[in-house]
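*Asks:* Would you mind keeping the following structure in view while I ask a few things?
Numbering (the working numbering), first residue to last: 349 to 598.
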């Protein structure tokens, strides 16, 4: 049966409204999910020799009296009590203690911080879901949450994994100072931690990312695989394993 001509524009309009409604709902849900993820990310500030270093960390475990935070060792190197700003209480930084640091202060080092005391721990915290196995090899989309220079706090950066080179992954993401120690997210889970940045070529910033394993079983996550992050899209660079051996945490 042929549809009356007068109804065709109405049907087209209704279809358009339905599509827009579904798109809007998906956009709102994604924004709400990102806001929840931000609750698990912190801003870190360390003072060393009169200079201020800014980095990122993320919560791996917490209760009403203690919070465990993962970050890169070089972010807090030289400051045994760095300041922590939580997303839900950004205006009141608190002091953390370095519970454990492994691998030195270079790009392969990791550190575990603790914040103690009910007065220092705000409501509205979250732990980020951690991938037990990093099944990433190339082409996967990633998201980085952190405090890169010039982009503001709790900034969302998006990129992709370009290739896998043995124990390393090459990823295309706009990593900058302030992102160090922050989480690398894929499919809503943390698959790595930004270790640092070096310039290996003109216009290219290299960031070492440490993949995590079994972090949901203990407060001291075990580093698994380093990942290299390219700031600008270009063919993967050959990456050598760091000379320093990073021992697994006990």
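Ideal placement from N, C-alpha and C gives every residue a C-beta, glycine not left out.
1. Output the distance between the C-alpha atoms of residue 394 and residue 487, rounded to the nearest integer angstrom.
2. Mind checking which residues open and close the beta strand (DSSP E) that includes residue 408?
3. For residue 567, collect the residues of the same chain with a Cβ closer than 6 angstroms to its Cβ; drop the 5 residues on either side in sequence, then sort them by chain order.
4. Exposed or buried, residue 466, counting other C-beta atoms within 10 Å across all chains shown (16 or more means buried)?
5. Assuming residue 432 and residue 447 are in contact, meaning their beta carbons sit under 8 angstroms apart, how far apart are those beta carbons, in whole angstroms?
6. Between the Cα of residue 391 and the Cα atoms of 507, 401, 477 and 382, which residue gives the shortest distance?
7. Consult DSSP for residue 448 and reduce its assignment to one of helix, strand or coil.
8. Where do the ends of the beta strand (DSSP E) carrying residue 417 lie?
9. Tell me the residue span of the beta strand (DSSP E) that contains residue 439.
10. Helix, strand or coil for residue 467, going by three-state DSSP, please let me know.
11. Give the single residue among 474, 534, 459 and 524 whose Cα lies nearest to the Cα of residue 429.
12. Checking 7 angstroms against the spacing of the C-beta atoms, do residue 387 and residue 472 come in under that value?
*Replies:* Looking at the atomic coordinates:
1. Working through the chain shown from its first residue, we reach residue 394 at position 46. Working through the chain shown from its first residue, we reach residue 487 at position 139. The alpha-carbon atoms of residue 394 and residue 487 are separated by roughly 35 angstroms.
2. On the chain shown, position 60 is the one that residue 408 refers to. Per DSSP, residue 408 belongs to the beta strand (DSSP E) from 399-410.
3. Counting from 1 along the chain shown, the entry for residue 567 is found at position 219. Confidence at residue 567 is low in this model, with a pLDDT of 49, below 50, so its placement is unreliable and the value that follows should be read with caution. For residue 567, where only same-chain residues beyond five positions count, the Cβ hits under 6 angstroms are 409 and 416.
4. The residue you call residue 466 lines up with position 118 of the chain shown. The residue is exposed, with fewer than 16 neighbouring Cβ atoms inside 10 Å.
5. Taking the first residue of the chain shown as position 1, residue 432 is located at position 84. Taking the first residue of the chain shown as position 1, residue 447 is located at position 99. Incorrect: roughly 13 angstroms between the Cβ atoms, too far for contact.
6. Sequence index remark: in the chain shown, residue 391 carries index 43 (1-based). It is 401.
7. Numbered from its first residue, the chain shown carries residue 448 at position 100. In the structure shown, residue 448 sits in a strand (DSSP, three-state: E or B).
8. Sequence index remark: in the chain shown, residue 417 carries index 69 (1-based). Residues 414-420.
9. Position 91 of the chain shown holds residue 439. Note, residue 439: beta strand (DSSP E), 437-443.
10. Taking the chain shown and counting its residues from 1, the one referred to as residue 467 is at position 119. Of the three classes helix, strand and coil, the one that applies to residue 467 here is helix, per DSSP.
11. To locate residue 429, count along the chain shown from 1; it is residue 81. Comparing Cα positions, the closest option is 459.
12. Within the chain shown, residue 387 is the residue found at index 39, counting from 1. Within the chain shown, residue 472 is the residue found at index 124, counting from 1. Yes, the pair counts as a contact, with Cβ atoms nearer than the cut-off.
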